[in-house]
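Okay, so the sequence shown: first residue is 1 according to full-length UniProt numbering, each after it adds one.
Positions of the beta carbon are idealized from the N, C-alpha and C atoms, including for glycine.
One structure below.
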Amino acid sequence: MTVARYPGTRRPQPAEPGDLAARPTMGNDTAVPAQRQPGSPHPALSAGRPLRDLEQIRSHERKLYHSVRVTPEDVAAASKPGLAGYGHAGPGELLRVRAGDRITIRIHNGTDSADVPVTGPHVSASGVSDNVFVRVPPGSSHQYDYDVPADQPSGLHWYYPLGERARRSCGRLVGPVVVEGDIDRVPAIAAARDRVLVIDGHGPGRHGAAVPLLRVNGQRQPEIDIRPGEIQRWRVLNAHPERCVWLHAEGHTLHHIGQDGIPFTRARPVQGVMLMPGNRAELLVRATKPGTYRVFAQGYQHDARSVAVPAAELASMVVDGRPIFSRLPRQLVDTLPIPTGPVVKQRTVRVAGDQNGHDGSGCRYLADGREVTLDRWARDSLGTVEDWLVINDDDVQRPVHLLGNPFQVLEVRGAPAGDASWHTDPEIWRDTYRVPPKGQVAIRVSCRVSA
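Below, the structure written as structure tokens:
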């Protein structure tokens, strides 16, 4: 894959007052611990290397231009353990924008078919914007323009080529997108080192008993360096096509400050955060005493037959250096308000497995015996609030995902007794959740995105 930048794109940009660029949050200018063991020839296959920060492209004068050429070699490489697409071991470039910016992504298709929807931001879903129905023929190019709304909350989103071959690739050839905003200016957060962690990998995600290979930023079990008492901000994206990641950091509390691109009004201390494929979580982590601590995906029950998905190692957090004192924030920012208007419609939808599903999700959604598209449901009800009951008739958990339309999880029925991974908070906005085997989930949908 070849990446090109249009004229006018600068990296890094001159620092502005309060700008994230004023801090060394990215790049190789921050000291990292020495390697504890020699690596194999390919860095993505080597455990114990320092976590690499992703190359970033920042918007300039309210615009960000990005060009991507995806080749058959990229897709082939993405299907091999230890490698990912975009011509290198890891996700694509990190795009940093602000509310009101325009993102232009031009994709050159050298594969069977591809398009690049930016999932998450509240943008138009037609024309040359976030239109998943556009197909780019082999050998041709297509330009996508995304206008980030002026009131877009700050948070983590992502982009990826979607096509019959590309969508089945490891990590979906993914690149993260950060929308910067008010929460980035909260003093305790502005002072924290900002790290984007993209989780992808290969191996059993649903039913297999073997331990899957998971990677962070294209690396196997990298080391995350942090000083005693230091607070780091981790923006975590689960880009694995199948595996849920129940994220834990050994001996440490995760302070949850945002979910699926929407910040919280206050930090929520938790021991673990469950991430479905496509989920994004923003966390503050304050290191304790010196030592090496596991960062891992805890095992969980996937289906009604008690087949357990095994735990998997993600990284090591190496706490070392001169101790510092960092204070966690008490208050964050105003966020997307909980709807107070009347619920105009109640819907019931059933989800079932479909290995031949055309949208790559491996499932289909039915209402009154007819197949429906959840995104279109939401877009047909623009500006309203609806309550949906999602029923899973299968004996394995199934996803519910709405592109650009956040929802609250009001109730979960049928979750395994005592399984803490199903804990939810109705005040948290999401765009992806899971439905228990033979269970139900009640959600409240804020229909915000126009067709």
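In the DSSP annotation of this structure, the continuous segment of the alpha helix (DSSP H) that includes A190 starts and ends at 187-190. Contact between A367 and R347 holds, with the beta-carbon distance rounding to 7 Å and staying under 8 Å. For Y433, the enclosing beta strand (DSSP E) covers residues 432-435. The three-state secondary structure of R444, taken from DSSP, is strand. Note: A312 is bridge-paired with A297 in the DSSP secondary-structure output. With respect to the 7 Å criterion, P277 and P241 are classified as neighbours on the basis of their beta carbons. In the DSSP assignment, K63 falls within the unbroken beta strand (DSSP E) covering 63-70. In this structure, I324 is the residue among V349, T424, I324, D394 with its C-alpha nearest to the C-alpha of E230.
Assigned with DSSP and collapsed to three states, E427 falls in coil, not helix or strand. Residue nearest to V343 within the set Q331, L332, D387 is D387 (criterion: CA-CA distance). By the C-beta density criterion, A192 is buried, having at least 16 other C-beta atoms within 10 angstroms.
Judged by pairs of C-beta atoms under 8 Å, the region 282-291 touches the region 242-258, as three or more such pairs exist.
I231 is bridged by DSSP to R286. A straight-line Cα-Cα distance of about 14 Å links C363 and D375.
Counted as a single uninterrupted DSSP element, the beta strand (DSSP E) harbouring N392 occupies residues 385-392.
Look at the beta carbons and you see the region 257-269 not touching the region 310-325: under three pairs across the two are nearer than 8 Å. DSSP, read as helix, strand or coil, puts E411 in strand.
Counting along the chain, the unbroken beta strand (DSSP E) around G258 starts and ends at 254-259.
Distances from the alpha-carbon of L403 to those of L410, S446, S421, E371 put S446 closest. Taking the CA atoms as reference points, V385 sits about 29 Å from P176. With respect to the C-alpha of H142, the residue from N109, I189, A249, I57 having the closest C-alpha is N109.
The beta-bridge partner set that DSSP reports for C363 consists of G353. Partner residues in the beta bridge of R347, as assigned by DSSP, are W388.
I428 is positioned such that its CB atom lies no closer than 7 Å to that of A315. The Cβ neighbour count for A420, taken over all protein chains shown within 10 Å, is under 16; the residue is labelled exposed.
Between I199 and V216, the gap from beta carbon to beta carbon is short of 7 Å. Within the model, the alpha-carbon separation for R227 versus R327 is close to 14 Å. Here I183 carries a helix assignment [DSSP, helix/strand/coil].
Across the set K289, A311, P50, the C-alpha of A311 shows the shortest separation from the C-alpha of G272. Per DSSP, the beta-bridge partners of Y146 are I103. In the assembly as shown, E180 is a buried residue. Its beta-carbon has 16 or more other beta-carbons within 10 Å. When DSSP states are grouped into helix, strand and coil, A281 belongs to the strand group. By the C-beta density criterion, G341 is exposed, having fewer than 16 other C-beta atoms within 10 angstroms.
Nearest Cα to D431 within the set D395, L237, R102: L237. Close CB contacts of R62 within its chain, under the 6 Å cut and outside five residues either way in sequence, are with D101 (chain order). Looking from the CA of R268, the closest CA among Q331, P222, V309 belongs to Q331.
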